[in-house]
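Quick note: the sequence shown uses this note's numbering, first residue 2, plus one each step.
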Amino acid sequence: MSEVSSRRSPTLEVPRLNTSTSFRKEAYAALKRAITAMDVYDHAQEIRLDERRLSEGLGVSRTPIREAMTLLEQEGFVRTRPRRGIFVVRKTKREIVEMITVMASLESMAARLAAERAPDAEIAELRRLMAEFRTGNDGERRAEYSDANIAFHQAIIKMSGCALLAEMTENLFIHMRAIRKITIHQDNRAARSVVDHMRIIQALERRDPELAERLAREHTLGLAAHVEQQRRLSRHDTAH
């Protein structure tokens, strides 16, 4: 790979839109999904969004792209910089720690509600998701566990049965997903994560809301403490 190509800024993977529906709404939804799917902290370069390329990729004019960008900027996903363009927002280290702390509160409440409300079948499915990683997650299985880890946290929110909790965590999740994918490979956190998750599942199975709430809160606050101790978030110095 040439030096020029290795420095190329990452681009969004966006599908062409169904032009029979609202262009702005479809563009907004497609761009939000694409940004959420990216590991926004695992790139050396800032992620700049090119209107022309997005227009061509989505198969629409630039107008709905600009309208979608306005909505995404209001939600804190992107930021416009005069004479430079539009960039995906990346948080500072302090902001990340604060965000994880807030997420700990929301996830712990979700775990409490899940212990009270979640169907037995959903809790059993959560156990199945985690059980295969109890014997270790080195190498390729560690990469698999990274996805399972994110699925676990998404499931806890869903199992709360609280639509407002899901709504409040949606915009935080773009950053939480990226942070969890990076940090799960550091300091043997994957193995400890499995243990924490199994304890939370046991509390859910016992229908113990107080214990589920406490374990979920401590688990996520552990991530905040880990990030706080890091000089760099990842191999790229993206969190100051």
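Even for Gly, the Cβ is constructed at its ideal location relative to N, Cα and C.
For P65, count neighbouring Cβ atoms within 10 angstroms of its own Cβ and tell me buried if that reaches 16, exposed if not.
With 16 or more other Cβ atoms within 10 Å, it is buried.
Count Cβ pairs between the stretch 93 to 113 and the stretch 215 to 226 that sit closer than 8 Å; are there 3 or more?
Contact holds: three or more Cβ-Cβ distances are below 8 Å.
Whose C-beta lies closer than 6 Å to the C-beta of L212 among residues of the same chain, with five residues either side of it excluded?
Excluding residues within five positions, the ones whose Cβ falls inside 6 Å are A204.
How long is the line joining the alpha carbons of L59 and R49, rounded to whole angstroms?
About 17 Å.
P120 CB to nearest chain B CB: under 9 Å?
The structure shown has no chain B; it contains just one protein chain.
Which class does I247 belong to by DSSP, given the choice of helix, strand or coil?
Only positions 2 to 241 of the chain appear in the structure, and residue 247 is not among them; the question remains open.
Expressed to the nearest angstrom, what Euclidean distance is found between the alpha-carbon atoms of N138 and T184?
Confidence in N138 is poor, its pLDDT being 49 and thus under 50, which makes the residue's placement unreliable; the coordinate value appears in the next sentence. Looking at the two C-alpha atoms, the distance is approximately 15 Å.
Taking only three categories from DSSP, how would you classify V195?
Reduced to three states, the DSSP call for V195 is helix.
Determine the closest residue to E133 out of T170, Q187, I158 and A192, with distance taken between C-alpha atoms.
Nearest option by C-alpha distance: A192.
Assuming A31 contacts V41 under a Cβ cut-off of 8 Å, what Cβ separation, rounded to an integer in Å, is found between them?
The Cβ separation is near 17 Å, so there is no contact.
What did DSSP end up calling V103 once you bin it into helix, strand or coil?
V103 falls in the helix class under three-state DSSP.
Given a cut-off of 9 Å on the beta-carbon distance, is the pair A125 and S161 in contact?
It is not a contact, given that the beta carbons lie outside the stated cut-off.
List the DSSP bridge partners of F88.
Answer is R49 and R80.
Check each candidate in H154, L165 and E99 and name the one with the smallest Cα separation from K182.
Checking every option, the nearest Cα to that of K182 belongs to H154.
Which residues in the same chain have their Cβ closer than 6 Å to the Cβ of S7, if we skip the five residues on either side of it in sequence?
For S7, the predicted structure reports a pLDDT of 48, less than 50, and the residue's modelled location is therefore unreliable. A value from the coordinates is still provided. So no residue of the chain qualifies.
Please classify L165: is it buried, with 16 or more other beta-carbons within 10 angstroms of its beta-carbon, or exposed?
Looking at its Cβ environment, which holds fewer than 16 other Cβ atoms inside 10 Å, L165 is exposed.
Taking the alpha helix (DSSP H) that A35 belongs to, which residues open and close that run?
From DSSP, the alpha helix (DSSP H) with A35 extends over F24 to A38.
Around the Cβ of A149, are there at least 16 other Cβ atoms within 10 angstroms (buried) or fewer (exposed)?
Classification of A149: buried, given that the 10 Å Cβ count is 16 or more.
Measure the Cβ-Cβ separation of M110 and E27 and say whether it is below 9 Å.
Cβ distance not < 9 Å, so M110 and E27 don't count as in contact.
From what residue to what residue does the alpha helix (DSSP H) around T221 run?
Where T221 is concerned, the enclosing alpha helix (DSSP H) stretches over P210 to Q230.
Using the C-alpha atoms, what's the distance from T37 back to A171?
The question names Ala, yet the displayed sequence has Glu at residue 171. Going from the Cα of E171 to the Cα of T37 covers about 10 Å.
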